[in-house]
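If you count the sequence shown from 1, position 71 lands on 86 in our numbering, and the numbers rise without skipping. In what follows, a single structure is set out as structure tokens and then discussed.
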Amino acid sequence: MPDLPLLAISWPGIAFCMIVAGLLINLSVTLFLHRGMTHGGVTFHPLVAVPMRTIIWACTGMKTKEWVATHRKHHAFSDREGDPHSPLQEGLAAILLGNVFYYRKATRDTAMLEKYGKGTPNDWLERNVYTRLGGFGLLITLALFVLLFGPAKGTVVW
Numbered sequence: 016m017p018d019l020p021l022l023a024i025s026w027p028g029i030a031f032c033m034i035v036a037g038l039l040i041n042l043s044v045t046l047f048l049h050r051g052m053t054h055g056g057v058t059f060h061p062l063v064a065v066p067m068r069t070i071i072w073a074c075t076g077m078k079t080k081e082w083v084a085t086h087r088k089h090h091a092f093s094d095r096e097g098d099p100h101s102p103l104q105e106g107l108a109a110i111l112l113g114n115v116f117y118y119r120k121a122t123r124d125t126a127m128l129e130k131y132g133k134g135t136p137n138d139w140l141e142r143n144v145y146t147r148l149g150g151f152g153l154l155i156t157l158a159l160f161v162l163l164f165g166p167a168k169g170t171v172v173w
């Protein structure tokens, strides 16, 4: 086993890594999931889309079809009965602090996934990696960060 960490980075360097990771995650969600998949406003070449899909899977555990379907339903029922994550219906604090639970609850509705999840990727990667391995991407990312930065810093970045 290699000596840990593989990279000797200071805590300010770790903060920089966290900022870069946050930007990549936010760009991937905003551009690929929201603008591209949910609204069809942009189409990405696979050389751009696959890294964004991988970042989303590895860093958030979200599946494209589930996120897109939940967000499309949100737009169909914005801030009224049926909105899967409305701060007006559930309360601002509940959504800000517990949105992941509302998201998970919505994704258990298979009829909603089929109705609102149309047009999302169903290729080999989606079926055999992102969907089949689910939250395992988060564990792979944790292991990678621990290997690169050491246990304490790697866990903080994760």
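Note that beta-carbon positions come from the ideal geometry of N, C-alpha and C, so glycine has one too.
Determine the direct distance from the alpha carbon of residue j to that of residue i, and round the result to whole angstroms.
{"i": "Thr45", "j": "Glu129", "result": "22 Å"}
{"i": "Ile40", "j": "Arg95", "result": "29 Å"}
{"i": "Ala167", "j": "Leu157", "result": "11 Å"}
{"i": "Phe31", "j": "Ala121", "result": "34 Å"}
{"i": "Gly152", "j": "Ser43", "result": "16 Å"}
The alpha helix (DSSP H) with residue i in it runs from where to where?
{"i": "Asn137", "result": "From DSSP, Asn137 is part of no alpha helix (DSSP H); its letter is neither H nor E."}
{"i": "Thr125", "result": "125-131"}
{"i": "Phe31", "result": "26-42"}
Thinking residue i and residue j are a contact (beta carbons under 8 Å), I'd like their distance in whole angstroms, please.
{"i": "Gly169", "j": "Phe160", "result": "4 Å"}
{"i": "Lys78", "j": "Tyr145", "result": "6 Å"}
{"i": "Pro99", "j": "Lys88", "result": "6 Å"}
{"i": "Leu163", "j": "Leu21", "result": "5 Å"}
{"i": "Met67", "j": "Phe92", "result": "Going by Cβ atoms, the distance from Met67 to Phe92 rounds to 27 Å, so no, they are not a contact pair."}
{"i": "Leu140", "j": "Val57", "result": "Contact flag wrong, Cβ pair sits at about 20 Å."}
Alpha helix (DSSP H) runs contained entirely in the region 50-111, provided each spans 4 or more residues: 61-75, 79-91, 102-105
Length at least 4, wholly inside the region 145-170: the alpha helix (DSSP H) runs in chain order
151-164
### Task
Determine contact between the region 133-147 and the region 71-86, defined as no fewer than three beta-carbon pairs at a distance below 8 Å.
yes
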